[in-house]
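The sequence shown maps to residues 1 to 360 in UniProt numbering. All C-beta atoms, glycine included, are put in the ideal place defined by N, C-alpha and C. Remember, predicted model here, so these are calculated numbers, not experimental data. One structure is given here, and the rest of the page talks about it.
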Amino acid sequence: MVHPLVSNRPYSSPSPNNIFIPDPPNTSPPLSAVPVIPRKRVYQIYPSRNRFFCSGRLLTGGDSPWAFIASFALVIAISAAWFSSTCVWWWHNQSPAVAAVGAYMCLLTVSCMLATAFRDPGILPRNLDPDPPLPATSPSDGGVRVPYPRDLKVRTDTVRVKYCQTCKTYRPPRSSHCRLCDNCVDNCDHHCQWVNNCIGRRNYTFFCCFLLSAVLTLCLVICTSAIHLYLLTQMDHIDFRDGLNRGAGSAVAFSLSILVVWPVTALLAYHTRLLLLNITTIEQIRNQAHKTLIPGTPPPNPFTYGSWRSNLAEVLCRPAGVSWLNAHAVVTEDRRRVNPGLDEAGWDHDDLGQVRPTAV
Ligand SMILES: [Zn+2]
Ligand SMILES: [Zn+2]
Numbered sequence: 001m002v003h004p005l006v007s008n009r010p011y012s013s014p015s016p017n018n019i020f021i022p023d024p025p026n027t028s029p030p031l032s033a034v035p036v037i038p039r040k041r042v043y044q045i046y047p048s049r050n051r052f053f054c055s056g057r058l059l060t061g062g063d064s065p066w067a068f069i070a071s072f073a074l075v076i077a078i079s080a081a082w083f084s085s086t087c088v089w090w091w092h093n094q095s096p097a098v099a100a101v102g103a104y105m106c107l108l109t110v111s112c113m114l115a116t117a118f119r120d121p122g123i124l125p126r127n128l129d130p131d132p133p134l135p136a137t138s139p140s141d142g143g144v145r146v147p148y149p150r151d152l153k154v155r156t157d158t159v160r161v162k163y164c165q166t167c168k169t170y171r172p173p174r175s176s177h178c179r180l181c182d183n184c185v186d187n188c189d190h191h192c193q194w195v196n197n198c199i200g201r202r203n204y205t206f207f208c209c210f211l212l213s214a215v216l217t218l219c220l221v222i223c224t225s226a227i228h229l230y231l232l233t234q235m236d237h238i239d240f241r242d243g244l245n246r247g248a249g250s251a252v253a254f255s256l257s258i259l260v261v262w263p264v265t266a267l268l269a270y271h272t273r274l275l276l277l278n279i280t281t282i283e284q285i286r287n288q289a290h291k292t293l294i295p296g297t298p299p300p301n302p303f304t305y306g307s308w309r310s311n312l313a314e315v316l317c318r319p320a321g322v323s324w325l326n327a328h329a330v331v332t333e334d335r336r337r338v339n340p341g342l343d344e345a346g347w348d349h350d351d352l353g354q355v356r357p358t359a360v
């Protein structure tokens, strides 16, 4: 049914000029985003060192993946040893609840690790400022001119943002260019080789969740496997060596967990402090360098919310934001003309967008 206010009559232009086209051309897809031929996806032409998987839906960083493969293999080894021995024993002999909680924690750790490793960390779009303001040339600079920085007001302080020559854009505050991935990353904390990805705005919560769940899981594995080995020797009246043989999976899970729990706990403690202060790892290192070079108190942190509770809530509960990269999307080009009516009048556009008569 047609709405009474909507007419079925084609719209007629009130303009007497036949060259003027009042309605935009009804094209699908729109002329502003016409897929290129041959059809390509964004990740196939994206000039960075990231590795893409599943047609651009997943990505990792640009450095060597072996550290990530080793750490993931360690997580899987501890989980498999615990599942095959300790978990089964607790399920049948003591408390199925402990086995269920342990299984949940192992799965949470693995899923948070994979989400951190394969998610877009917040890669900033390129070419937003292709023509930055440059200082005047001087004979001493050798022709290399660095674009002027910009000063932004953040609350009561001023934050200086610099131009990224690679990404051709002014980096927003708290963003950094990762040399390993060759990208600017929003709210960049650091590049973590153990997950083979940058840690930025879009995966920092997953990273913190991974550290917390890993420490809790390791503590659970250590306690349950130690109790398993102890009760084996007590209930069956066997010596410790026989207990190790019968609970070999628990012994492996216990030994590996004891080795791993210390560095992961130290990393969790470090990031807990950063969370409470609302600073990133890069900012903390920069402040440390500032303290070493310039005596006295470092400049105040303009991004803090004033209390540790607010900082914690802001960093962990803020929205991840959209992926500007959208690597799975189809590559398009803008085919809109400045004034398409001039084409019909025998005029043409040259490469610079200027209009000239068509040679007939
Ligand atoms: Zn950059
Ligand atoms: Zn990186």
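Ligand 2 and residue i: does any heavy atom of the ligand fall closer than 7 angstroms to the residue's C-beta?
i	result
residue 191	yes
residue 184	no
residue 61	yes
residue 317	no
residue 209	no
residue 124	no
residue 180	yes
residue 223	no
Quick check on the burial criterion: 16 or more other C-beta atoms within 10 angstroms. Buried or exposed for residue i?
i	result
residue 56	buried
residue 228	buried
residue 165	exposed
residue 283	buried
residue 81	buried
residue 121	buried
residue 100	exposed
residue 28	exposed
Which value, in whole angstroms, describes the spacing of the CA atoms of residue i and residue j?
i	j	result
residue 255	residue 326	42 angstroms
residue 287	residue 98	44 angstroms
residue 63	residue 116	15 angstroms
residue 251	residue 78	10 angstroms
residue 303	residue 280	10 angstroms
residue 9	residue 37	Because residue 9 sits at a pLDDT of 48, beneath the cut-off of 50, its placement in the model cannot be relied upon, and the point is left open.
residue 271	residue 207	10 angstroms
residue 213	residue 110	9 angstroms
residue 360	residue 32	Residue placement at residue 360 is flagged as unreliable, the pLDDT there being 37, under the threshold of 50; the coordinate-derived value follows with that caveat. For residue 360 and residue 32, the distance between alpha carbons rounds to 29 angstroms.
residue 41	residue 223	49 angstroms
residue 5	residue 34	Because residue 5 carries a pLDDT of 42, less than 50, the predicted location of this residue cannot be relied on, and the following value inherits that uncertainty. So the alpha carbons of these two residues sit roughly 33 angstroms apart.
residue 45	residue 123	15 angstroms
residue 182	residue 285	20 angstroms
residue 144	residue 136	11 angstroms
residue 275	residue 130	35 angstroms
residue 301	residue 195	28 angstroms
residue 179	residue 50	11 angstroms
residue 190	residue 148	26 angstroms
Taking only heavy atoms of ligand 1 into account, decide whether any of them is closer than 7 angstroms to the Cβ of residue i.
i	result
residue 166	yes
residue 177	yes
Whole-angstrom Cβ separation of residue i and residue j, contact assumed at under 8 angstroms?
i	j	result
residue 197	residue 296	About 36 angstroms; that fails the 8 angstroms criterion.
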